[in-house]
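In full-length UniProt numbering, the protein residues as written are 1 to 338.
See structure below.
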Amino acid sequence: ELNAIAPIISNFFLASYALINYACFDASFADSPGELNAIAPIISNFFLASYALINYACFDASFADSPGFRPSFKYYNMWVSLAGALLCISVMFIISWSTALLTFFFFAMLFLYILHRKPDVNWGSSTQAHSYKNALQAMMKLANTEEHVKNYRPQLLVLTGNPAARPSLVDFVYNITKGSSLMICGYVVPYAPCDRVFAVIRTLDRQLNEWLKKRHVKSFYVSVANPSLREGARTLLQVSGLGKLRPNILIVGFKANWHSQGVDALNEINDYFGVIQDAFENNMGVGVLRNVGGGLDYSELMKRHNVGDTARLNLPDVTQPVPSKDRYIFIWLIVQNA
Numbered sequence: 001e002l003n004a005i006a007p008i009i010s011n012f013f014l015a016s017y018a019l020i021n022y023a024c025f026d027a028s029f030a031d032s033p034g035e036l037n038a039i040a041p042i043i044s045n046f047f048l049a050s051y052a053l054i055n056y057a058c059f060d061a062s063f064a065d066s067p068g069f070r071p072s073f074k075y076y077n078m079w080v081s082l083a084g085a086l087l088c089i090s091v092m093f094i095i096s097w098s099t100a101l102l103t104f105f106f107f108a109m110l111f112l113y114i115l116h117r118k119p120d121v122n123w124g125s126s127t128q129a130h131s132y133k134n135a136l137q138a139m140m141k142l143a144n145t146e147e148h149v150k151n152y153r154p155q156l157l158v159l160t161g162n163p164a165a166r167p168s169l170v171d172f173v174y175n176i177t178k179g180s181s182l183m184i185c186g187y188v189v190p191y192a193p194c195d196r197v198f199a200v201i202r203t204l205d206r207q208l209n210e211w212l213k214k215r216h217v218k219s220f221y222v223s224v225a226n227p228s229l230r231e232g233a234r235t236l237l238q239v240s241g242l243g244k245l246r247p248n249i250l251i252v253g254f255k256a257n258w259h260s261q262g263v264d265a266l267n268e269i270n271d272y273f274g275v276i277q278d279a280f281e282n283n284m285g286v287g288v289l290r291n292v293g294g295g296l297d298y299s300e301l302m303k304r305h306n307v308g309d310t311a312r313l314n315l316p317d318v319t320q321p322v323p324s325k326d327r328y329i330f331i332w333l334i335v336q337n338a
C-alpha cells in the first residue's frame, strides 16, 4: 500500500517544495521594496483552507456515525466543527476573494489529481461510512414499505456451484436481472463444516467476489458447507437475503447425468428433486435451465485440467460448436394446490 501511494506523496512534496521556493522568491521580491504584506493573503488563505478541511473532516466523520472516530476532547461538538469550517472559508474571502479562489483551485486540482491516479489503497474515508449508513437506512425503509404488484422484481437465487465453472449460467441469469434486481449466486460446498473448510470458504468468497467484479456482474455470492446438496440448498433458501431483499425465484441447472449411473445415483436424484420441492414449499418460483451438450457447466473440464484456482481460470464463454440440428424448448405448467 505504501508503494502504491509513494508517487503521490513524492509529487506532493515536490509541489510543496515548489511552493516554498515560490514563497521565498516572492517574499524576497516583496521585501526588497518593504512590502512584506503582499504575500500575507496567500499564506493566510492556505492556512485557513487547511483548517477548514480539518474542521469539515471532523464534522463529516461525526455525522456519518463512524465508530472509529472517537474524539477525546470533552467539549467536542460536530456542529462547532462545521461552524469553524464555514468561518474559515468566510475569512478567506474577506481577506482576498481572488486569493481565496486561487486557493480553492489549487486544492481542487490536487484532489482531481489523486482521483485520476486512483491509488490502490483503502483510505478509510468517511464516504465508506456514509455508504454503509445510507444502505442501512434504505434497507430499514424498504422493510416497512408495502409491496405492490407494479413494483414486482424477480429476485433470483442461482445454485451455480462454483460460479467460475458456470460462467454462461451466471451471464444468462444476469441478463434477467441486469443489475436492477437481486441476484445471489449460491454454492453448496460438499464438505462437513470444520476449520479447514471455513478457511477454504473464506478464500472462495474473496476470489469469487473478485471474479464477479471483473466480469461486471452485479451479484452477491454466498456459500455454505454441507455434504448434502438438499440440506445446503435448504439453508440457502432460508438465510439468503435481508429484509425485503430476499430471493423469490430459485434457478437451478438441469441434472443431465441422471441416467448415467443408474440406481447408484438415486440419492442424488432424490436430493435434486427435493431442492425443487423445498423451493415450492418456501413459496418460491423455480426455473430449471437446460442447455443441450452441457454448455453451461465447465466442472468436468476444470477437473480434467486440474483448474482449482479461480484466479487462474480463463475458460471461454462457449464450448466447441455442435452440428446444427433441431432444438426444442419444453415447458411444463406446475399447479400446486394447498
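Beta carbons are placed, not taken as given, at the ideal position from N, Cα and C, and that holds for glycine.
If you're wondering where the values come from, they're calculated on a predicted model, not measured in any experiment.
Asked                                                                                                                                                                                              : Found
Just confirm the distance between the C-beta atoms of Ala61 and Phe69, as a whole number of angstroms; I'd bet it's less than 8 Å.                                                                 : 4 Å
Mapping the DSSP letters down to three states, classify Pro321 as helix, strand or coil.                                                                                                           : The predicted model places Pro321 with a pLDDT of 44, which falls under 50 and marks its position as unreliable, so this point remains unresolved.
Does DSSP classify Ile276 as helix, strand or coil?                                                                                                                                                : helix
Jot down the residue ranges of each uninterrupted beta strand (DSSP E) in the stretch 215–273, minimum 3 residues, whole runs only, in chain order.                                                : 220–225 and 249–253
Going by Cα to Cα distance, which pick from Ala256, His216, Asn282 and His259 is closest to Arg234?                                                                                                : Asn282
With distance defined between alpha-carbon atoms, name the residue in Asp65, Ile269, Pro71 and Ile89 nearest to Ala49.                                                                             : Ile89
If distances are taken between C-alpha atoms only, which option among Asp195, Lys255, Phe172 and Leu237 comes closest to Ser219?                                                                   : Phe172
Tell me whether the beta-carbon of Ile201 lies closer than 9 Å to the beta-carbon of Ala225.                                                                                                       : yes
Spatial neighbours of Asn314 within its chain, please: C-beta separation below 8 Å, excluding the five flanking residues on both sides.                                                            : For Asn314, the pLDDT reaches just 42, beneath the cut-off of 50, and the residue's location in the model is therefore unreliable, leaving the point undetermined.
With a Cβ-Cβ cutoff of 9 Å, do Asn55 and Ser81 count as a contact?                                                                                                                                 : yes
Suppose contacts are defined by Cβ-Cβ distances below 9 Å. Is Glu185 in contact with Leu212 by that definition?                                                                                    : According to the sequence provided, residue 185 is Cys. The question's Glu does not apply to it. Closer than 9 Å, so yes.
Considering only the beta carbon of each residue, do Leu208 and Asn162 sit closer than 9 Å?                                                                                                        : yes
Met284 by DSSP, collapsed to three states: which one?                                                                                                                                              : coil
Relative to the C-alpha of Asn248, which candidate in Asn122, Phe254, Asp195 and Tyr152 has its C-alpha closest?                                                                                   : Tyr152
Between the Cα of Gly243 and those of Val189, Asp278, Arg196 and Ala135, spot the shortest distance and give me the residue it belongs to.                                                         : Ala135
Below 8 Å on the Cβ atoms is my guess for Phe59 versus Ala85; work out the distance and round it to an integer in Å.                                                                               : 7 Å
Would you mind working out which of Val217, Thr99, Leu159 and Asn257 sits nearest Ala40, comparing C-alpha positions?                                                                              : Thr99
Enumerate, from N- to C-terminal direction, the unbroken alpha helix (DSSP H) stretches of 4 or more residues contained entirely within the UniProt domain "Amino acid permease/ SLC12A" (37–157). : 40–63, 78–95, 97–117 and 126–143
Would Tyr221 and Tyr187 qualify as a contact pair, given that the criterion is a beta-carbon distance under 9 Å?                                                                                   : yes
To the nearest angstrom, how far is it from the Cα of Ile42 to the Cα of Tyr51?                                                                                                                    : 14 Å
Might you give, ordered along the chain, the residues of its own chain that have their beta carbon closer than 7 Å to the beta carbon of Arg290, omitting 5 neighbours on each side?               : Phe254
So what does Tyr187 bridge to, in DSSP terms?                                                                                                                                                      : Ser223
For Leu208, which of helix, strand or coil comes out of DSSP?                                                                                                                                      : helix
Using only the alpha-carbon positions, how far apart do Val197 and Val286 sit?                                                                                                                     : 29 Å
Is Leu289 helix, strand or coil by DSSP?                                                                                                                                                           : strand
Give every residue of the same chain whose Cβ lies closer than 6 Å to the Cβ of Ala192, excluding the five residues on either side of it in the sequence, and list them in chain order.            : Pro227
Alpha helix (DSSP H) containing Asn175: first to last residue?                                                                                                                                     : Pro167 to Thr177
For Ser180, count neighbouring C-beta atoms within 10 Å of its own C-beta (all shown protein chains included) and say buried if the count is 16 or more, exposed if not.                           : exposed
Roughly how many angstroms lie between the CA atoms of Ser96 and Val170, to the nearest whole one?                                                                                                 : 59 Å
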